[in-house]
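**Student:**
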Amino acid sequence: MTVKIEKAADWLLAEREARRMFAALPGPLHPANDAEAYEVQAALCARLGAEAGPMAGAKIALTTQVMQEMVKYFKPIAGRILARDIHESGVTLNLTDYVRVGVECEVAVRLGRALAPEGAPYDLERVSLAVAALHVGIELVDDRAADYKSLDAMTLIADNAFNRGVVLGPAIHDWQQLDLAAQEGVIRINGDTRGTGRGSDVMGGHPFAALAWLANHMAAQGLALEAGSLVMTGSLAATQFPRAGQEVTAAIGALGEAIVKFS
75 MTVKIEKAAD WLLAEREARR MFAALPGPLH PANDAEAYEV QAALCARLGA EAGPMAGAKI
135 ALTTQVMQEM VKYFKPIAGR ILARDIHESG VTLNLTDYVR VGVECEVAVR LGRALAPEGA
195 PYDLERVSLA VAALHVGIEL VDDRAADYKS LDAMTLIADN AFNRGVVLGP AIHDWQQLDL
255 AAQEGVIRIN GDTRGTGRGS DVMGGHPFAA LAWLANHMAA QGLALEAGSL VMTGSLAATQ
315 FPRAGQEVTA AIGALGEAIV KFS
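Numbered according to the numbering used here, the sequence shown spans residues 75 to 337.
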């Protein structure tokens with residue numbers, strides 16, 4: 075790992091700890107390409123792992139054309155989920171632990187076996203064989219009050235795609251007969267519907283298409299999605315930004331629901 079990568083990761087960690095508004099990595103530290111950006115992400119997560127635990131899964135972002143055009147980066151990006159950032163439904167989280175927390179309604183996948191680099195390339199059908207369980211997942215993102223009109227894609231990748239954790243509903247093991255593309259998702263705040271969507275709204279028209287993309291993306295870096303890993307497959311509805319005292323519910327058809335409260 076180069077000095078530039080190490081210094082970039084240190085800079086991002088300092089920005090997080092100081093709770094500063096999201097900003098692009100400064101010129102000398104700015105990743106030259108996405109490969110460098112993912113190296114910085116790995117170095118940052120290694121530092122965060124001292125408190126948040128090792129990598130326990132992955133997420134996908136920038137799955138829509140609108141978001142890709144906004145940041146001028148025309149493919150999805152991946153982020154890492156750290157072990158201590160995974161919460162069970164019903165948890166109460168302190169809003170002051172975040173700069174600006176957002177919540178998203180997603181199909182969360184739990185792998186029963188690894189998707190290793192030597193098995194690539196993966197497609198929807200092949201990755202489905204590795205899925206042990208599904209959950210309704212609420213992804214927690216902290217965009218640190220970013221200005222989306224000037225969002226820098228390389229820094230977004232390096233800063234772990236805003237991921238700050240996941241809240242999981244109960245595991246569903248008998249999902250095989252469900253039409254995941256047809257499942258309707260809804261996100262509510264204090265019982266009021268704030269957004270809806272379907273499984274077909276995620277990248278590739280199916281949550282497992284997003285899983286296949288992630289597996290192939292990691293395989294290209296020589297990394298595996300290990301057995302037991304959690305994968306967030308993309309939001310079915312627009313991100314919502316709750317306030318203190320509010321309860322967020324994400325529900326997806328036959329998969330059930332997940333709930334998080336903010337104090």
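Backbone N, C-alpha and C fix where the C-beta goes; we use that ideal spot for every residue, glycine too.
Under three-state DSSP, which class holds ALA220?
**Tutor:** Reduced to three states, the DSSP call for ALA220 is coil.
**Student:** Can you give me the Cβ contacts of LYS338 inside the same chain, cut-off strictly under 6 Å, excluding the 5 residues immediately before and after it?
**Tutor:** Nothing can be reported for residue 338: it is not among the residues displayed for the chain, which extend from 75 to 337.
**Student:** Classify ARG200 as helix, strand or coil using the three-state DSSP reduction.
**Tutor:** In this structure, ARG200 counts as helix in the three-state DSSP scheme.
**Student:** Any idea if ARG317 is buried or exposed, counting beta-carbon neighbours within 10 angstroms, 16 or more meaning buried?
**Tutor:** ARG317 is exposed by the Cβ-count criterion.
**Student:** May I ask you to verify whether the region 269 to 283 touches the region 114 to 129, counting CB pairs closer than 8 Å and requiring at least 3?
**Tutor:** Because the criterion of three Cβ pairs below 8 Å is not met, the region 269 to 283 and the region 114 to 129 do not touch.
**Student:** May I have a chain-ordered list of the beta strand (DSSP E) segments no shorter than 3 residues that lie completely inside the region 251 to 275?
**Tutor:** Complete beta strand (DSSP E) runs here, min 3: 258 to 263, 266 to 272.
**Student:** Would you mind reading off the limits of the beta strand (DSSP E) that contains VAL322?
**Tutor:** Note, VAL322: beta strand (DSSP E), 321 to 326.
**Student:** Just tell me which of PRO102, ASN168, GLY193, VAL114 has its CA closest to the CA of ALA294.
**Tutor:** It is GLY193.
**Student:** Going by DSSP, what residue range makes up the beta strand (DSSP E) through ARG238?
**Tutor:** Unbroken beta strand (DSSP E) run through ARG238: 237 to 242.
**Student:** My understanding is that ALA325 touches VAL210, with C-beta atoms under 8 Å, so please give their C-beta distance in whole angstroms.
**Tutor:** Confirmed, about 7 Å.
**Student:** Measure the CB-CB distance between PHE315 and SER202 and report whether it falls below 9 Å.
**Tutor:** Not closer than 9 Å, so no.
**Student:** Could you have a look at LEU103 and say whether DSSP puts it in helix, strand or coil?
**Tutor:** LEU103 falls in the helix class under three-state DSSP.
**Student:** Per the DSSP calculation, HIS280 is bridged to which residue(s)?
**Tutor:** The partner list for HIS280 (beta bridge, DSSP) is empty, contrary to what the question assumes.
**Student:** Do GLY176 and THR313 have their C-beta atoms closer together than 9 Å?
**Tutor:** Yes, Cβ-Cβ distance for GLY176 and THR313 is below 9 Å.
**Student:** Runs of 3 residues minimum, wholly inside the region 137 to 221: which ones carry the beta strand (DSSP E) assignment?
**Tutor:** Taking only runs of at least 3 residues, the beta strand (DSSP E) segments lying wholly in the region 137 to 221 are 151 to 156, 160 to 162, 165 to 167, 175 to 185, 205 to 216.
**Student:** Could you give the DSSP three-state label for LEU304: helix, strand or coil?
**Tutor:** In the structure shown, LEU304 sits in a strand (DSSP, three-state: E or B).
**Student:** Can you tell me which of LYS78, PRO128, ILE151, GLY269 puts its alpha carbon nearest to the alpha carbon of ASN234?
**Tutor:** Nearest C-alpha to ASN234: ILE151.
**Student:** May I ask which residues mark the beginning and end of the alpha helix (DSSP H) holding ALA135?
**Tutor:** Segment 129 to 135 is the beta strand (DSSP E) holding ALA135; no alpha helix (DSSP H) there.
**Student:** Is ALA157 near ILE231, with beta carbons less than 9 Å apart?
**Tutor:** No. Outside cutoff.
**Student:** How long is the line joining the alpha carbons of LEU297 and VAL114, rounded to whole angstroms?
**Tutor:** If you take the alpha carbons of LEU297 and VAL114, they lie about 15 Å apart.
**Student:** Check the DSSP bridge columns for LEU299 and list the partner residues they point to.
**Tutor:** Its beta-bridge partners are LEU189.
**Student:** Relative to the C-alpha of GLY101, which residue among ASP226, GLY164, MET144 is closest?
**Tutor:** Looking at the Cα atoms, ASP226 is the closest of the given residues.
**Student:** Determine, using beta carbons only, whether LEU242 and ILE212 come nearer to each other than 9 Å.
**Tutor:** For LEU242 and ILE212, yes; Cβs fall inside 9 Å.
**Student:** Suppose the cutoff is 8 Å on Cβ atoms and the five residues either side in sequence are ignored; what does the same chain contact list for LYS149 look like?
**Tutor:** The residues are LEU136, GLN142.
**Student:** Rounded to a whole number of angstroms, what is the C-alpha to C-alpha distance between ALA204 and ASP253?
**Tutor:** Roughly 17 Å between the two C-alpha positions.
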